[in-house]
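Residue numbering for the sequence shown is 1 to 152, as defined by the numbering used here.
Note that beta-carbon positions come from the ideal geometry of N, C-alpha and C, so glycine has one too.
Please read the structure below before turning to the comments.
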Amino acid sequence: MGARLIGPLCIIWLLASPAMAKTTVIDDSGTLPNNAALDMRWQQLSPRGPNANIMVGTLALRVKLNVAAWQKRTAKIYLALPAQAPGAMTVTWNTQGRLLPGRVVTGSRTLVYAGPISSPFIEDLVQLTINVDGRRMQTLYHINFRFELDEG
1 MGARLIGPLC IIWLLASPAM AKTTVIDDSG TLPNNAALDM RWQQLSPRGP NANIMVGTLA
61 LRVKLNVAAW QKRTAKIYLA LPAQAPGAMT VTWNTQGRLL PGRVVTGSRT LVYAGPISSP
121 FIEDLVQLTI NVDGRRMQTL YHINFRFELD EG
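Right, dumping it as structure tokens:
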């Protein structure tokens, strides 16, 4: 009798599963840095202590996300920081209110907006702070991040 219940239970479980949200990379080509270069400095001047190897840099960005394709819909937008050279990084940021402030580490993403899309662009001034292990900073690196949108 147990074998007969497996089929109906699987069907009920499949019907109860939430649909997977579709993730799309958002066109952020309108995003511009306020200052062109990210100037890194040592977090501590002393070569001792838990943060002795951490370098910190700040960068102001004028974020402009093209969300015209999702107008009149509800969505969640994330800031994603893919794995990249020079290795593990932590990025924190503050905003002027349109996007959420937050924190992201290499290889993950963090929610920056949730709600209705009422205009073709979402814009904000974002102040990024980037922390990285200075022992890995052998040359100049481009820091790549992207904005992703989940529908539904």
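Arginine 62 sits exposed, since fewer than 16 C-beta atoms from the chains shown fall within 10 Å of its C-beta. In this structure, the beta-carbon distance from phenylalanine 121 to valine 67 falls below 8 Å. A straight line joining the alpha-carbon of aspartate 133 with that of glycine 87 spans about 8 Å. Here asparagine 144 is near proline 82, since their CB atoms are less than 8 Å apart. Contact between the segment 70-81 and the segment 106-119 is present: 3 or more CB-CB pairs across the two stretches fall below 8 Å.
Its chain contains Lys76 as the residues whose beta carbon lies nearer than 6 Å to that of alanine 114, once the 5 sequence neighbours on both sides are disregarded; these appear in chain order.
Here isoleucine 130 is near valine 91, since their CB atoms are less than 8 Å apart. Judged by their CB atoms, glycine 30 and lysine 64 are nearer to each other than the 8 Å cut-off.
DSSP, reduced to helix, strand and coil, places alanine 69 within a helical segment of the structure shown. Runs of the beta strand (DSSP E) lying entirely within the segment 82-127 and spanning at least 3 residues, in chain order: 89-94, 102-105, 108-116. In this chain, phenylalanine 145 is not harboured by any beta strand (DSSP E), its DSSP state being neither H nor E.
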